[in-house]
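Here is the structure we will look at, set down as structure tokens.
In my numbering, the protein residues as written are 68 to 277.
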């Protein structure tokens with residue numbers, strides 16, 4: 068885990084702190100598609116992503132999902148820090164976008180290091196800032212983009228997160244992430260294919276222009 072920690076967080080966290088994280092953190096693997104956290108789960112600590120990618124979603128009362136943002140290697144999820152403000156339950160659903168590795172830092176250690184380590188404090192603040200910007204982008208997308216633009220942006224974001232123009236996904240998964248119907252998504256994907264942005268295959272999309 069020490070090697071993965073150094074690769075993901077070495078540029079921003081000092082060596083002694085990385086050793087402390089390796090000693091006190093709980094290492095976890097998550098396979099692609101595995102639920103890492105669900106709404107209502109008790110928050111055990113701050114997840115720090117070492118490898119892979121995770122998508123973070125909100126879920127309405129009917130179980131319908133809406134994608135908020137993606138986490139990549141070197142990211143942490145500020146949404147879990149609601150526990151600092153009195154909430155011990157998760158308000159988000161997190162699902163592995165790729166096979167992923169992470170370390171869960173106990174909350175008491177997070178409190179301690181926020182006071183002791185300026186670099187860790189900066190990492191947490193930057194996580195808050197980045198996630199806030201992404202939430203604003205999600206709101207702007209819902210408010211100001213038509214669904215054609217939202218689908219195109221969604222595919223572009225997934226290409227960047229996965230580091231590949233080949234996306235192993237289904238029309239139903241895209242529809243769930245964007246909180247719309249599969250039929251509408253299929254129609255838009257066909258239109259984007261005609262526009263030369265992508266090529267459609269069975270359970271796979273090859274993004275050409277992004």
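Note that beta-carbon positions come from the ideal geometry of N, C-alpha and C, so glycine has one too. Remember, predicted model here, so these are calculated numbers, not experimental data.
As assigned by DSSP and simplified to three states, the class of residue i
i           : result
residue 233 : strand
residue 146 : helix
residue 243 : helix
residue 135 : strand
residue 88  : helix
residue 238 : helix
residue 269 : coil
Whether residue i touches residue j by CB criterion (8 Å)
i           : j           : result
residue 112 : residue 172 : yes
residue 222 : residue 272 : yes
residue 116 : residue 135 : no
Whole-angstrom C-beta distance between residue j and residue i, which should lie under 8 Å
i           : j           : result
residue 256 : residue 238 : 7 Å
residue 75  : residue 141 : 5 Å
residue 220 : residue 208 : 6 Å
Start and end residues, alpha helix (DSSP H) containing residue i
i           : result
residue 118 : Taken as a continuous stretch (DSSP letters only), residue 118 belongs to no alpha helix (DSSP H), being part of the beta strand (DSSP E) at 112-118.
residue 72  : 69-76
residue 208 : 185-211
Residue i, enclosing beta strand (DSSP E) - first and last residue
i           : result
residue 256 : From DSSP, residue 256 is part of no beta strand (DSSP E) but of the alpha helix (DSSP H) over 249-261.
residue 79  : Premise fails: residue 79 is in no beta strand (DSSP E) and is neither H nor E.
* Does the pairing of the region 126-137 with the region 181-189 give three or more beta-carbon distances under 8 Å? -> Per the Cβ contact rule, the region 126-137 is not in contact with the region 181-189 (fewer than 3 Cβ pairs under 8 Å).
* Touch test, the region 235-253 against the region 193-203, Cβ-Cβ under 8 Å, three pairs minimum -> no
* Would you call the region 131-149 and the region 87-94 touching, i.e. three or more CB-CB distances under 8 Å? -> no
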